[in-house]
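Everything below concerns the one structure shown next.
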Amino acid sequence: MAPSRSRDFGLVLLASVLWGTSFPGSKLTVGTVDPLFLTFARMAIGAVLGMTVLVGMRRLDRRVFREPLVWVLGAINAIGFDLQNEGILLTTASKTALLVNVNVVIIPVLMVLFFREAMTRLKITGILIGTFGVVVVATKFDLASLTGGQFAGDVLVFVAGVVWAFYVVGAKRMVDRGGDYAALTAGILATTALLAAVPLFFVGWPLPTNGIGWLGIAYLGLVPTFTPLLLYVASMRTISPTVSGLLILLEVVVAAVLSFLFLRDPFDAFTLAGGALILFGAYVVTRGEQALPERAAAGLASVPRDATQRRPGRIIRR
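Residue numbers for the sequence shown, in my numbering: 1 to 318.
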């Protein structure tokens with residue numbers, strides 16, 4: 001494995017650990033903070049942190065806001081976080097982590113549509129396994145559970161996962177165009193914060209009334225927002241979203257462990273079985289995934305000089 005590719009694998013794993021802490025953090029915070037305001041405040045802090053880093057590195061480029069796709073990604077991100085924050089209020093943090101990450105089995109379908117990746121039988125099988133896992137986690141094969149508030153929360157966070165599948169594919173398209181991935185990350189967070197503020201003008205600005213709420217907002221904005229997104233976007237230079245989606249599933253484990261320790265989230269057989277099916281489905285999807293070629297400075301795939309050899313009457317690719 002090339003050094004830069006190994007580095008990018010490490011970036012994704014670190015991002016997944018940081019993101020994993022956000023689920024129990026969000027669950028604790030939405031108890032005292034309005035879900036819509038939490039989205040705005042978290043993204044605003046993340047954007048300010050990102051812009052500060054760019055200024056310090058002298059890489060702030062306002063032209064990123066002229067890219068229509070940056071605003072589209074900001075809108076998708078805002079919708080996804082609003083859905084997740086509303087949903088996690090009704091369901092558990094560990095189930096939220098599982099259901100949100102169903103995008104791992106949706107991303108390959110979108111990669112076929114937008115990047116013309118091959119749709120193999122293994123990918124189809126993995127998608128079906130993962131989807132069945134979602135059904136197990138959300139319904140527990142009990143029709144009565146379909147009418148409960150927790151099921152409504154499960155649906156909201158599941159839809160958030162579907163929304164973020166489009167976000168991942170859109171971010172991949174932006175990275176493939178070249179440019180500064182750090183500026184792209186900060187730009188997405190800034191547009192997310194601006195667009196997340198729109199609903200608050202209609203429903204009001206419900207500010208937290210205690211220190212715990214503000215502490216939760218500060219943590220979510222400073223730790224699992226700009227930094228992991230920067231790491232994840234940077235990794236897209238050499239890693240397919242399909243493969244990185246599998247690595248990101250480490251956040252499910254982190255979220256489950258922290259939720260059990262701090263929130264006493266219950267673990268029943270259906271949650272464990274459904275979670276295992278989602279993880280296994282993601283693994284099946286990524287089997288046989290071809291590595292993306294390394295990218296040169298201009299954003300184009302680099303081709304080694306000795307990639308081919310000429311011999312009398314034929315060309316041999318090494």
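The beta carbon of each residue, even a glycine, is placed where N, CA and C say it ideally should be.
Predicted model, so just to flag it, every value in this text is computed and none were measured.
>> For Phe151, tell me which candidate among Leu89, Ala190, Arg173, Asp176 has the shortest Cα-Cα distance.
In response: Within the sequence shown, residue 151 is the residue found at index 151, counting from 1. Nearest of Leu89, Ala190, Arg173, Asp176 to Phe151, Cα basis: Leu89.
> Who are the near neighbours of Met43 in its chain, counting only those whose CB is closer than 6 Å to its CB and skipping five residues on each side?
Replying inline: Locating residue 43 in the sequence shown gives position 43, where the first residue counts as 1. These residues qualify, in order along the chain: Leu189, Thr192, Ala193, Ala196.
> According to DSSP, is Ala255 helix, strand or coil?
Replying inline: On the sequence shown, position 255 is the one that residue 255 refers to. Correct three-state label for Ala255: helix.
>> Let's test the definition: count the other Cβ atoms within 10 Å of the Cβ of Ala171 and tell me whether it reaches 16, buried, or not, exposed.
In response: Within the sequence shown, the letter at position 171 stands for residue 171. Buried is the call here.
> Can you tell me the Cα-Cα spacing of Arg295 and Gly20, whole angstroms?
Replying inline: What you label residue 295 is simply residue 295 of the sequence shown in a count that begins at 1. What you label residue 20 is simply residue 20 of the sequence shown in a count that begins at 1. Note that Arg295 scores 44 on pLDDT, short of 50, meaning its location in the model is unreliable and no value can be drawn from it.
>> Restricting to Cα atoms, I'd like to know which of Gly245, Asp34, Gly74 is closest to Val109.
In response: Within the sequence shown, numbered from 1, the residue matching residue 109 stands at position 109. Closest option to Val109, Cα to Cα, is Gly245.
>> Closer than 8 Å is the cut-off here; do at least three beta carbon pairs connect the region 205–222 with the region 251–261?
In response: no
> Near Ala138, which residues of its chain fall below 6 Å by C-beta distance, leaving aside the five closest residues on each side in sequence?
Replying inline: Translated into positions along the sequence shown, residue 138 becomes position 138. Cβ within range, chain order: Asp154.
> For Ile315, which of helix, strand or coil comes out of DSSP?
Replying inline: The count along the sequence shown starts at 1 and reaches residue 315 at position 315. For Ile315, the predicted structure reports a pLDDT of 38, less than 50, and the residue's modelled location is therefore unreliable. A value from the coordinates is still provided. Ile315 falls in the strand class under three-state DSSP.
> Which value, in whole angstroms, describes the spacing of the CA atoms of Ala47 and Ala186?
Replying inline: Walking along the sequence shown from the start, residue 47 turns up at place 47. Walking along the sequence shown from the start, residue 186 turns up at place 186. If I take the Cα positions, the gap works out to 6 Å.
> For Ala234, which of Ala183, Leu207, Phe267 has the nearest alpha-carbon?
Replying inline: Residue mapping note: residue 234 aligns to position 234 of the sequence shown, counting from 1. Ranking Ala183, Leu207, Phe267 by Cα distance to Ala234 puts Ala183 first.
> Where do the N-terminal and C-terminal ends of the alpha helix (DSSP H) with Val86 fall, by residue?
Replying inline: Locating residue 86 in the sequence shown gives position 86, where the first residue counts as 1. Reading off the sequence, residue 86 comes out as Glu, not Val. Segment 68–88, the alpha helix (DSSP H) holding Glu86.
>> So, with DSSP's three-state summary, where would you put Ser240?
In response: Taking the first residue of the sequence shown as position 1, residue 240 is located at position 240. Note: Ser240 maps to coil in three-state DSSP.
> Does the beta-carbon of Pro241 have 16 or more other beta-carbons within 10 angstroms, so that it is buried, or is it exposed?
Replying inline: Residue numbering aside, residue 241 sits at position 241 when the sequence shown is read from its first letter. That one is buried.
>> Give me, in chain order, the residues of the same chain whose beta-carbon lies closer than 7 Å to that of Val162; leave out the 5 immediate sequence neighbours on both sides.
In response: For the purposes of this step, residue 162 is taken as the residue at position 162 of the sequence shown. The answer, listed in chain order, is Asn103, Ile106.
> Which residue spans inside the region 97–185 form an unbroken alpha helix (DSSP H) run of at least 4?
Replying inline: 103–115, 121–139, 149–176
> How would you label Thr209, buried or exposed, when you count the other beta carbons within 10 angstroms and need 16 or more for buried?
Replying inline: Taking the sequence shown and counting its residues from 1, one reaches residue 209 at position 209. Classification of Thr209: exposed, given that the 10 Å Cβ count is below 16.
>> Can you check which of these residues, Met236, Phe81, Leu36, Thr271, is closest to Val175 by C-alpha distance?
In response: Sequence index remark: in the sequence shown, residue 175 carries index 175 (1-based). Among Met236, Phe81, Leu36, Thr271, the Cα nearest to that of Val175 belongs to Met236.
>> Would Thr125 and Val284 qualify as a contact pair, given that the criterion is a beta-carbon distance under 8 Å?
In response: As a first step, residue 125 is located in the sequence shown; it is residue number 125 there, counting from the start. As a first step, residue 284 is located in the sequence shown; it is residue number 284 there, counting from the start. Cβ distance < 8 Å, so Thr125 and Val284 count as in contact.
> What residue does the alpha helix (DSSP H) around Phe202 start on, and which one ends it?
Replying inline: Reading the sequence shown from its first residue, position 202 is the one you call residue 202. Where Phe202 is concerned, the enclosing alpha helix (DSSP H) stretches over 200–203.
> Using the rule of at least 16 other Cβ atoms within 10 Å of the residue's Cβ for burial, across every protein chain shown, is Phe226 buried or exposed?
Replying inline: Taking the sequence shown and counting its residues from 1, one reaches residue 226 at position 226. Flag for Phe226 reads buried.
>> Can you tell me whether Leu98 is buried or exposed? The criterion is at least 16 other CB atoms within 10 Å of its CB, across all chains shown.
In response: Here residue 98 refers to the residue found at position 98 when the sequence shown is read from its first residue. The residue in question, Leu98, is buried, as its Cβ has 16 or more Cβ neighbours within 10 Å.
>> Assuming contact is defined by CB atoms lying nearer than 8 Å, are Thr32 and Leu220 in contact in what I supplied?
In response: Counted from its first residue, the sequence shown places residue 32 at position 32. Counted from its first residue, the sequence shown places residue 220 at position 220. Not a contact, by the Cβ cut-off of 8 Å.
> How many angstroms separate the CA atom of Leu222 from the CA atom of Val17?
Replying inline: Sequence index remark: in the sequence shown, residue 222 carries index 222 (1-based). Sequence index remark: in the sequence shown, residue 17 carries index 17 (1-based). C-alpha separation (whole angstroms): 14 Å.
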